[in-house]
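FYI, in UniProt numbering the residues of the sequence shown are 1 to 566. Built from N, CA and C at the ideal position, the CB exists for glycine as well. The structure presented is a predicted model; accordingly, all values stated were derived computationally and were not measured.
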Amino acid sequence: MKRTWWHDKVAYQIYPKSFYDTNDDGIGDIRGIIEKLDYLKMLGIDIIWVSPIYQSPFVDQGYDISDYYAIDPAFGTMNDLEELLEETKKRDMYLIMDLVVNHCSNQHEWFQKALKDPEGEYGQYFYLRKGKEGHPPSGNYRSYFGGSVWEPIEGTEYYYFHAFAKEQPDLNWTNPKVRKEIYRMINWWLEKGVAGFRIDAIINIKKDLDFPDMEPDGKDGLVSYTKFVESVEGVEEMLQELKQQTFAKYDAFTIAELFNEQKAVKEYIGAEGCFSTIFDFGPHLLTLGEHGWYDAKPVDFKEWRKTIFEGQLKCGDIGFEANIIENHDEPRGVNTYLPPHAQNDAGKKMLATVAIMLRGLPFLYQGQEIGMENCRMESVEEYNDINTKDQYQLARSMGLSEEEALLCCYRLSRDNARTPMQWSEEKNAGFTKGVPWLRVNPNYHRINIESQIRSEDSLFSYYKELIALRKSAKYQEVLTYGEIVPEALKDTELLEDHSDRDVIAFSRRGDGKKILIAANFGTDEVCLSLKNIQKITVLVSNMKEVFYQGGELRLRSCEAVVLEII
Ligand code: TEU
Ligand code: CA
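Structural data, given as structure tokens:
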């Protein structure tokens with residue numbers, strides 16, 4: 001595997017609106033990020049991804065951009081951004097921006113011009129089609145946020161295409177002028193000094209322009225947009241052009257959000273891939289229902305373990321994926337992946353151990369380091385997220401009661417991850433002195449950064465310790481490049497088969513070392529038999545004492561260990 005600068009780094013996602021507010025308007029801002037850089041540095045973070053801060057009407061929280069060259073005043077100014085860039089560089093940190101180019105906002109000047117003159121130049125910037133006798137054109141797809149992908153343009157026969165909300169028209173990537181505009185914009189930001197991008201929803205840019213009708217999968221006569229995307233081949237060619245025209249020239253770091261990576265990981269990551277890396281969304285996909293939130297089931301531990309290992313092994317020696325337990329589109333990882341008996345401090349540390357010791361780029365989401373939890377809203381009105389409102393309606397239309405539908409939102413709403421960061425025990429968790437734009441989770445008295453920084457036993461201190469181990473002179477090589485071997489699934493050189501237990505165990509091997517990571521997600525204590533009675537050194541443990549004797553490792557419920565096997 002060809003080595004590169006970001007391989008041994010640790011990354012962190014900031015959702016700026018909820019991070020830290022410095023001017024009391026209830027909205028997090030760029031100056032807030034600048035103020036907290038030292039905090040992130042102390043945790044051991046190198047790469048920071050900031051969710052969109054461009055000018056936007058905020059129909060989808062900034063993922064609807066009306067000017068790619070402007071900072072939205074809610075977040076600050078271009079000067080603030082430049083200062084943020086300088087301050088990150090001073091600290092040997094890297095800033096990456098969100099790149100949202102599958103679609104723009106309906107308020108973007110291109111789209112406004114297209115509306116005025118669908119047959120003119122800007123009509124070609126989007127996918128416009130004439131309807132059929134008062135009905136939408138062919139392509140009976142259900143947009144990600146509900147309803148048809150086709151929206152009529154008033155006063156004309158035309159419809160425009162949107163994979164997400166109707167306020168997010170898709171850009172026509174087959175138009176060379178559009179591609180040129182996008183590449184120009186990307187290079188402008190790279191010239192400014194951003195280290196790269198997290199690339200939004202990029203798999204959607206390739207369409208079958210015949211927009212064939214497909215077999216409906218719902219009562220609405222529509223078919224899930226994902227099925228359309230999956231039927232289209234060859235997006236990689238477009239992505240390679242994108243890379244050559246932009247990122248490659250700057251050795252930029254790129255991380256793509258795509259959900260079909262199961263197909264051919266080598267097309268996407270590694271030296272020849274379209275991107276530096278991609279997120280491993282395998283575990284996330286387990287959380288979703290087949291048709292929507294209303295039919296989602298809790299994550300099964302053994303399925304999760306299998307998915308984690310599949311994700312790890314498919315990368316082979318090609319490159320790294322980024323490992324996450326949550327982001328701004330998902331509920332909190334501790335609520336999703338920990339069984340009820342493990343939703344406590346020990347359990348959270350156990351999950352952290354797995355997340356940080358896997359092979360690949362550890363990618364934290366704000367608040368993960370203190371174990372922030374899902375936040376129950378009182379009514380559907382209190383949710384802000386467009387996707388949540390749609391899923392609530394869908395659940396109701398499937399016959400769920402108000403309470404049941406709310407329960408789906410409580411489990412899966414994207415707002416769970418978007419509540420303000422819990423800095424301290426002060427009012428509004430120290431996030432703002434004004435009125436926070438979204439409810440602060442009332443548990444901030446129990447869960448907040450200030451108190452966790454002070455305590456050596458806290459989850460925050462534990463994350464810090466895990467990250468420091470990854471970066472330590474002695475173990476950096478094996479924990480970065482060492483191969484991963486799933487243990488306890490079948491007899492391996494180190495462990496006997498424990499696959500029937502709720503234990504996840506794997507080793508990292510390389511640099512003449514063997515590191516064993518084991519975590520007990522079950523309710524009962526388990527005894528793992530190490531083969532050939534090995535000698536061990538404890539590197540990290542989430543409990544005060546590790547019980548190991550005569551080749552037997554006793555793991556209590558929620559216990560996790562990182563051991564060197566000598
Ligand atoms: O998400 C893309 C995406 O596929 C989402 O529909 C995702 O499946 C959904 O949030 C359910 O978890 C990206 C952004 O991360 C998201 O915040 C935006 O809303 C979306 O693109 C549109 O830009
Ligand atoms: Ca503010």
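- By the criterion of a C-beta distance shorter than 6 Å, residue 289 is surrounded in its chain by 295, 296, once the five residues flanking it on both sides are discounted.
- Under the three-state reduction of DSSP output, residue 284 falls in the helix class.
- A Cβ-Cβ contact shorter than 9 Å links residue 66 with residue 109.
- Within the same chain, 325, 326, 333 come within 7 Å of residue 368 by CB-CB distance, once the 5 residues on both sides are set aside.
- DSSP places residue 527 inside the beta strand (DSSP E), whose first and last residues are 526-529.
- Contact annotation: residue 246 and residue 171 have beta-carbon atoms that are not nearer than 9 Å.
- Shown in chain order are the residues whose CB sits closer than 5 Å to a heavy atom of ligand 2: 21, 23, 25, 27, 29.
- Under DSSP, residue 158 forms a beta bridge with 130.
- Of the residues assessed, residue 209 falls on the exposed side of the cut-off, its CB having fewer than 16 other CB atoms within 10 angstroms.
- CA-CA distance, residue 527 to residue 460, rounds to 28 Å.
- In the DSSP assignment, residue 117 falls outside any beta strand (DSSP E), carrying neither H nor E.
- Taking a contact as a CB-CB distance under 8 Å, the pair residue 422 and residue 19 does not count as one, their CB atoms being some 11 Å apart.
- In this structure the region 137-154 lies against the region 209-227, because at least three pairs of beta carbons, one per stretch, are closer than 8 Å.
- As a beta-bridge residue in DSSP terms, residue 223 pairs with 141.
- No heavy atom of ligand 1 is found nearer than 8 Å to the CB of residue 7.
- Between the C-alpha atoms of residue 239 and residue 272 there is a straight-line separation of about 12 Å.
- The residue from 481, 490, 525 with its alpha-carbon nearest to that of residue 508 is 481.
- Residue pairing for residue 519: DSSP places it in a beta bridge opposite 504, 560.
- These are the residues, in chain order, with a beta carbon less than 5 Å from any non-hydrogen atom of ligand 1: 60, 63, 144, 164, 200, 201, 329.
- Per DSSP, the continuous alpha helix (DSSP H) segment holding residue 463 begins and ends at 459-471.
- Cβ contact annotation for residue 32 (same chain, cutoff 7 Å, sequence separation greater than five): 19, 20, 21, 22, in chain order.
- When the alpha-carbon of residue 192 is set against those of 69, 237, 212, 26, the nearest one is in 69.
- Proximity to residue 524 across 559, 162, 506 peaks at 559, based on C-alpha coordinates.
- Taking the Cα of residue 471 as reference, the smallest distance to any Cα among 2, 9, 4, 1 is reached at 9.
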